[in-house]
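Note that the numbering used here has the sequence shown beginning at 15, numbered continuously upward.
Each residue gets a CB set at the ideal place from its N, CA and C atoms; glycine is no exception.
Encoded as structure tokens, the structure appears first; notes follow it.
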Amino acid sequence: MSTTSTPIATTPLLPRLPEELVASPTFLLKRLGFNAKERSMKAYEQTGLHPYHHGILTVLGERSLETQGAIADALGYDRGQLVGLLDELEERGLVERRRDPNDRRRHIVRITPDGEKTLRRLRALSKQIEDEFLSPLDDEERANLHALLYRLAEKHDPRCGPISAG
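This is the structure we're talking about:
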């Protein structure tokens, strides 16, 4: 009587990271940030757009008209890099640029109706990516995580903080 055994497929175990690193919240934030970015890039790649494009459309979706410089400043993008990103969005008919009638050196940018449709699709994609990434957490844990991250962001990136009365 012969017995044949079916080989069991096993996933190779990755070596565990040193405890000192795993005990560091900033190390975990960096690792998770890299992982979240990688997942996002793969998902956005399928749309032919980049998360940077999503950021631009989001600013324009909230503010309607904006100068190129104000968009770059709001998102922390290099102004030269922004011009190339706007070129790509304009070629796809998602934004329009016009000279500012009050200052011919500046361009005013606005989102088009196709840009608004694309923004809705990108928002849904972003929500899906977030839901998959945060799936180990329940709603209360997600809210707590967001609250803690927001407190850190307010301290370390003033653009995340509340609007100050000027």
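- Looking from the CA of Ala88, the closest CA among Glu52, Gly69, Thr40, Gly129 belongs to Gly69.
- Following the DSSP letters along the chain, one finds Asp114 inside the beta strand (DSSP E) bounded by residues 109-114.
- In the DSSP annotation of this structure, His68 is not part of any beta strand (DSSP E); the continuous alpha helix (DSSP H) holding it starts and ends at 65-77.
- Inclusion of Leu74 and Val97 in the CB contact set at 8 angstroms is not warranted, their separation being larger than that value.
- Apart from the 5 residues on each side of it in sequence, Arg120 sits with its Cβ closer than 6 angstroms to the Cβ of Thr81, Asp114 in its chain, given in chain order.
- The DSSP-derived three-state label of Asp145 is helix.
- In the assembly as shown, Ala161 is an exposed residue. Its beta-carbon has fewer than 16 other beta-carbons within 10 Å.
- Your pair Leu139 and Leu71 does not check out as a contact, with CB atoms roughly 12 angstroms apart and the cut at 8 angstroms.
- Per the Cβ contact rule, the segment 137-152 is in contact with the segment 50-58 (3 or more Cβ pairs under 8 angstroms).
- Taken atom to atom, the span from the alpha-carbon of Asn116 to that of Leu100 is near 21 angstroms.
- The alpha-carbon separation between Glu155 and Pro172 amounts to approximately 25 angstroms.
- DSSP places Arg93 inside the alpha helix (DSSP H), whose first and last residues are 93-105.
- Judged by DSSP secondary structure, Asp171 falls outside any beta strand (DSSP E); it is assigned neither H nor E.
- Using a 10 angstroms sphere on the CB of Val123, the tally of other CB atoms reaches 16 or more, which defines it as buried.
- With a cutoff of 8 angstroms on beta-carbon distance, Arg30 and Phe147 are scored as not near each other.
- Just so you know, the alpha carbons of Lys44 and Asp128 end up roughly 35 angstroms apart.
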